[in-house]
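**Q**
Protein chains: 2
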Amino acid sequence: MVQKQEYLSKNQKIVLDHVEKANQPLKAYSILYNVQKKGLKAPLQVYRALDKLVEIGKIHKIESRNAFVACKNSNCIVSNATAFSICESCEKVTEINNSKLSKYLSNFEDNSGMKYSKYNLEFFGLCKKCKNK
Amino acid sequence: MVQKQEYLSKNQKIVLDHVEKANQPLKAYSILYNVQKKGLKAPLQVYRALDKLVEIGKIHKIESRNAFVACKNSNCIVSNATAFSICESCEKVTEINNSKLSKYLSNFEDNSGMKYSKYNLEFFGLCKKCKNK
DNA sequence: AACGCATTGTTATATTATAACATTATTATT
DNA sequence: AATAATAATGTTATAATATAACAATGCGTT
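As they're listed, the protein sequences go chains R and L. Under the working numbering, the very last position in the first sequence is 134; numbers go up by exactly one each time. Under the working numbering, the very last position in the second sequence is 134; numbers go up by exactly one each time.
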């Protein structure tokens, strides 16, 4: 039996390194532009690395922004329960790590008979800095 | 002082009608294709109508799917607090109307000093039908 | 060695969304 | 009624985001 991948491939490492250094969400084509010196030439090389990194939870996609950010949540081994705050003025994005919230959402049930295995929550507002401007 | 718009324009009505009849999320270009007989010829005409309809809460965007669905929530006058369940198998999307959930999220505060004015929550899983297949 | 599978490399193309500019419609104010 | 402010329309072109398809390589398992 083939084991689940435990390491990152060359391209995956390059992309993850770059996204981790950014400390903010990056667009796929901005990543591409910046890793071209490392040999990644085509969008697909970046998208494929991102897909994998999202799948294993090292990177999250900010859906409302089509941007990618490194996971800041050490216990976020698989990317199945994510929450972010997004400042609508400066676009600063912060991953929310709140156990009450994640517990509440993971256990949430409505009357649809559907059991949820994942969620993504994006809060919008003004961050502290922008509020005081 | 100019009042807030109370009616829908021609294009907005056409797009909203179409999306309401669908009962499921539609892609912008699928909308475009289907309203061409009504005179909307270009993507921008659809996107502009969608933008407005999203702004006033008649339509919501399912961010993870880049698709648009009519609001099923009569008290959702402004589109600032939305929650959906998404079946990862059949792609059925349902708007969640749960006052406990919305109260919980609207009052949510973390330690960032940020007060949130909007949120969008997308749950993923298997719907009843697909679970039993 | 042979197999299975993930990854890579590459070219082309599909899909989603906006820029820019000119024009017309609607409503509020004078 | 005339004017001004705002919103909506129409149009062409293009930007930004993402995937299809195919050939080749690398790596662990049998």
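For every residue, glycine included, the Cβ atom is placed at its ideal position computed from N, Cα and C.
Within the same chain, show all residues whose beta-carbon is closer than 7 Å to that of lysine 14 of chain R, passing over the 5 residues directly before and after it, in chain order.
**A** Position 13 of the first sequence, counted from the start, is the residue given in the question as residue 14 of chain R. Counting only Cβ-Cβ distances below 7 Å, and skipping sequence neighbours, we find nothing.
**Q** Looking at the ligand HEM, does it come within less than 6 Å of serine 103 of chain R, judged from the CB to the closest heavy atom?
**A** Of the ligands one can find in the structure shown there are none, so the ligand HEM has no counterpart to examine.
**Q** For leucine 51 of chain R, collect the residues of the same chain with a Cβ closer than 7 Å to its Cβ; drop the 5 residues on either side in sequence, then sort them by chain order.
**A** The residue labelled residue 51 of chain R in the question sits at position 50 within the first sequence. Correct list, in chain order: Val16, Ala29, Ile60 and Phe69.
**Q** Excluding the 5 residues flanking asparagine 99 of chain R on each side, which residues of the same chain have their C-beta closer than 8 Å to its C-beta?
**A** For the purposes of this step, residue 99 of chain R is identified with residue 98 of the first sequence, where counting begins at 1. So the qualifying residues of the chain are Ala84.
**Q** Taking CB distances under 7 Å as the criterion, tell me whether serine 65 of chain R reaches chain L.
**A** In the first sequence, residue 65 of chain R corresponds to position 64, counting from 1. For serine 65 of chain R, the answer is yes, since a Cβ of chain L falls inside 7 Å of its Cβ.
**Q** Against chain L, which members of the segment 22 to 52 of chain R pass a CB distance test of less than 9 Å?
**A** If the cut-off is 9 Å between Cβ atoms, the segment 22 to 52 of chain R has nothing near chain L.
**Q** Cβ of isoleucine 32 of chain L within 7 Å of Cβ of valine 55 of chain L?
**A** What you label residue 32 of chain L is simply residue 31 of the second sequence in a count that begins at 1. What you label residue 55 of chain L is simply residue 54 of the second sequence in a count that begins at 1. In this structure, valine 55 of chain L does not lie closer than 7 Å to isoleucine 32 of chain L by Cβ.
**Q** Would you tell me roughly how many angstroms separate the C-alpha atoms of cysteine 131 of chain L and leucine 102 of chain R, rounded to the nearest one?
**A** The count along the second sequence starts at 1 and reaches residue 131 of chain L at position 130. The count along the first sequence starts at 1 and reaches residue 102 of chain R at position 101. When rounded, the distance between both Cα atoms is 28 Å.
**Q** If you follow the alpha helix (DSSP H) that lysine 130 of chain R is part of, which residue opens it and which one closes it?
**A** Position 129 of the first sequence, counting from 1, holds the residue named residue 130 of chain R. Start and end: 129 to 132.
**Q** At the level of alpha carbons, what is the spacing between lysine 42 of chain R and lysine 11 of chain R?
**A** Reading the first sequence from its first residue, position 41 is the one you call residue 42 of chain R. Reading the first sequence from its first residue, position 10 is the one you call residue 11 of chain R. So the two alpha carbons sit approximately 14 Å from each other.
**Q** Just how far apart, CA to CA, sit serine 113 of chain R and glycine 58 of chain R?
**A** In the first sequence, the residue the question calls residue 113 of chain R occupies position 112. In the first sequence, the residue the question calls residue 58 of chain R occupies position 57. Looking at the two C-alpha atoms, the distance is approximately 28 Å.
**Q** Among L/Ala71, L/Glu110, L/Ser65 and L/Lys119, which has the Cα closest to the Cα of cysteine 88 of chain L?
**A** Residue 88 of chain L sits at position 87 when you count from the first residue of the second sequence. It is L/Ser65.
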